[in-house]
Amino acid sequence: MICKNILTAYQLENYNNIRFLKFIYTHPKFWISPPNRQKIVWTKKAKLLAVLTIFIFLSKLISIYLFVFPDWNLVIKIPLYILVFLALPIYMIFANFCLYPVDKYLKNKIILQAKNKLSKFKNLKIIWITGSYWKTSQKEILETILKQKFKVLCSSGNKNTPLWVSEVILNELDETYEVFIVEMWAYHIWDIKELCDLVKPNIWILTWITIQHLERFWSLENIIKAKFELIESLDNFWLAIADISNENVKKWLDEKQEKLEVKNIVKISNPKKINYLEDLAWISFEYDWNLIQTKLLASHSANQIIISYEVAKYLWLNTKEILNWIKNIDYIKHRLELIYNPNSNLYIIDDSFNWNLEWVKSTIKLLENIKNHKRFYLTPWLVELWKESDNIHLEIWKLLSKVVDKVLLIDNNATKKILEWLINNWFNKYNIIIYKTTLNAHNDLRNVLKSGDVIVFQNDWSDNYF
257 MICKNILTAY QLENYNNIRF LKFIYTHPKF WISPPNRQKI VWTKKAKLLA VLTIFIFLSK
317 LISIYLFVFP DWNLVIKIPL YILVFLALPI YMIFANFCLY PVDKYLKNKI ILQAKNKLSK
377 FKNLKIIWIT GSYWKTSQKE ILETILKQKF KVLCSSGNKN TPLWVSEVIL NELDETYEVF
437 IVEMWAYHIW DIKELCDLVK PNIWILTWIT IQHLERFWSL ENIIKAKFEL IESLDNFWLA
497 IADISNENVK KWLDEKQEKL EVKNIVKISN PKKINYLEDL AWISFEYDWN LIQTKLLASH
557 SANQIIISYE VAKYLWLNTK EILNWIKNID YIKHRLELIY NPNSNLYIID DSFNWNLEWV
617 KSTIKLLENI KNHKRFYLTP WLVELWKESD NIHLEIWKLL SKVVDKVLLI DNNATKKILE
677 WLINNWFNKY NIIIYKTTLN AHNDLRNVLK SGDVIVFQND WSDNYF
């Protein structure tokens, strides 16, 4: 059980050794208490790691007992046994190091097989989506529109590493598909280049570039460099669409476009005005001389719809049909998804899969336009912002304190600061409730909410962030 819990933490940290060691040695409860929600995925690599780690651990114990100071009293050996136990995470890292050549060989073999298979689909339209965030929602919006005329294959959820994409190609792609949409993953420089080596898109989409995952990239410049590996890795493509309402995209795209003489780029930006209808029914805006309506609630959804509109137009789809399809786009799971309970007359806005600054700002704009309901906000808060964390949290809580009536916090190492920021911005401390766990908060909602209330679930952390 202990080995399984430690391996779960290693997997949650994407086998990043430094992040894993930092987490596992500062969260001793994780060793003996199973994770609350995340379960280990028993891949071949995970199984081999577990077996090899246990083998190393038992070998150490047996060696100490039989060969290392065999004449010592058992009581004297106990500290050595404790040290061996505490070294379990290090043994796991060593086991991963030992497995690396085999792991790398097998991964490369799968990726090469996928690349060879994909090369046979000459007429397949391939669309890549990259950016610091909004990739999954952009993918789902685009898929909803294009599947009305094409047979579309999408990578499921946020499975967007080269290995996952290769698995999709090998197991799901066949000659009946006409469009293949994939979001591009990056935690480090060269990640996107590795994906581009696997699949070269015909159309690529760049959303926003910000300090999301700053803790992993170390600087905004590294994040920008990673995202623009896409444009540097492509020799030829049909169309590129970039959201230049983001200053980082605009600045760097202008430089790269001039340097690489890249053409066929459509630059989109925020619509001039977004209208919010009462009772969270619709938002509407104008673009390309058309009135566009959607039940998606985020203000940035307008940008994503515009991008999808441009792709659909480029693929010769009818404008009137595109507008009708946009009206029928359903809420995206856990991304400002509206759930209305007619029995209790409660409005739940599930934004639990979002954990970035700009999405929170979209939520704030939405809350500003909710006038006739009491507004609640449930969150643990944002992560992976590194040295910018305090500044960003302070900025957001200044805005949130003006648009929410009650704040429900999940206790963590940021809670004390959040309380301070809220109170300093004249937020009533009696309208703040702190819960030990997310489960405790959910169980207490029946005592907190009343008919007609609106509650936002913002950013549901995985276990390795508590």
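When you read off a place in the sequence shown, starting at 1, and then add 256, the result is the number in this note's numbering. Don't be surprised by glycine CBs; every beta carbon is placed ideally from N, CA and C.
Since residue i is in the beta strand (DSSP E), which residue starts that stretch and which ends it?
i, result
"ASN427", "Premise fails: ASN427 lies in the alpha helix (DSSP H), 418-427, not in any beta strand (DSSP E)."
"PHE713", "710-714"
"TYR433", "From DSSP, TYR433 is part of no beta strand (DSSP E); its letter is neither H nor E."
Candidates the options: which alpha carbon is nearest residue i's?
i, options, result
"SER525", "ILE334, THR282, ILE562", "ILE562"
"VAL408", "ILE262, GLY387, GLU431, TRP572", "GLU431"
"LEU209", "TRP298, LYS360, TRP384, ILE262", "There is simply no residue 209 to check, as the chain begins at 257 and stops at 722 in what is shown."
"CYS354", "HIS556, SER657, PHE609, PHE311", "PHE311"
"THR309", "HIS629, MET257, ASP700", "MET257"
"VAL660", "ASP709, GLN549, TRP460", "ASP709"
"LYS403", "LYS381, LYS391, THR386", "LYS381"
"ILE605", "ALA568, TYR587, ASN669", "TYR587"
"TRP460", "SER600, PHE493, GLU428", "PHE493"
"LYS316", "LEU339, LYS300, LEU623", "LEU339"
"TRP287", "THR264, LEU552, PRO598", "THR264"
"LYS300", "LYS405, VAL663, ASN352", "ASN352"
"LYS378", "LYS507, TYR433, LYS673, ILE530", "TYR433"
"LEU344", "PHE276, ILE383, ARG631", "PHE276"
Using only the alpha-carbon positions, how far apart do residue i and residue j sit?
i, j, result
"LEU470", "TYR356", "Confidence in LEU470 is poor, its pLDDT being 49 and thus under 50, which makes the residue's placement unreliable; the coordinate value appears in the next sentence. Going by the C-alpha atoms only, they are around 27 Å apart."
"HIS230", "LYS589", "Residue numbering for the chain in the displayed model covers 257 to 722; residue 230 lies beyond these limits and cannot be assessed."
"GLU423", "ALA370", "7 Å"
"ARG591", "TYR321", "55 Å"
"ALA306", "LEU454", "30 Å"
"VAL297", "LYS260", "11 Å"
"SER555", "SER540", "10 Å"
"TYR347", "THR282", "17 Å"
"ASN273", "TYR266", "8 Å"
"LEU758", "ASN584", "Here the chain has residues from 257 to 722 only, and residue 758 is not among them."
"TYR532", "LYS627", "11 Å"
"LEU223", "LYS658", "Outside the shown range of the chain, which is 257 to 722, sits residue 223, and nothing can be said about it."
"LEU623", "LYS365", "49 Å"
"LYS333", "GLU269", "33 Å"
Could you tell me the boundaries of the alpha helix (DSSP H) in which residue i lies?
i, result
"VAL736", "Outside the modelled stretch of the chain, which goes from 257 to 722, sits residue 736, for which no answer is possible."
"TRP581", "575-583"
"LEU308", "300-322"
"ASN680", "671-680"
"ASP359", "344-374"
"PHE541", "First-last for PHE541: 539-543, but that is the beta strand (DSSP E), not the alpha helix (DSSP H)."
"ILE465", "From DSSP, ILE465 is part of no alpha helix (DSSP H); its letter is neither H nor E."
Run the CB neighbour count on residue i, radius 10 Å, all protein chains shown included, and call it buried at 16 or more, exposed below.
i, result
"ALA537", "exposed"
"PRO457", "buried"
"PHE395", "A quick correction: the sequence has Lys, not Phe, at residue 395. LYS395 should be labelled buried."
"GLU566", "buried"
"SER557", "buried"
"TRP653", "buried"
"ASN715", "buried"
"ILE666", "buried"
"LEU693", "The question names Leu, but residue 693 in the sequence shown is Thr. It counts as exposed."
"LEU314", "exposed"
"ILE318", "exposed"
"VAL358", "exposed"
"ASP607", "buried"
"TYR633", "buried"
"SER289", "exposed"
"TYR361", "exposed"
"ASN559", "buried"
"GLU614", "buried"
"TYR686", "exposed"
"ASP499", "buried"
"THR550", "buried"
"TYR596", "exposed"
"LEU705", "buried"
Any idea what DSSP makes of residue i, helix, strand or coil?
i, result
"TYR721", "Its pLDDT being 39, under 50, TYR721 is placed unreliably in this model, and the coordinates cannot settle the point."
"ARG702", "helix"
"GLN549", "strand"
"TRP390", "coil"
"LEU571", "coil"
"ARG275", "helix"
"LEU438", "For the sequence presented, residue 438 should be read as Val rather than Leu. Looking at VAL438 - three-state DSSP - the assignment turns out to be strand."
"ALA496", "strand"
"ASN502", "coil"
"LEU470", "Because the pLDDT at LEU470 is just 49, under 50, the model does not fix this residue reliably, and the point stays unresolved."
"ILE566", "Looking at the sequence itself, residue 566 is Glu, so the reference to Ile does not match. Residue state, collapsed to three classes: helix."
"TYR691", "strand"
"TYR596", "strand"
"PHE286", "helix"
"VAL340", "helix"
Can you find a CB in chain D that lies within less than 8 Å of the CB of residue i?
i, result
"SER525", "The structure shown contains no chain D; it is built from a single protein chain."
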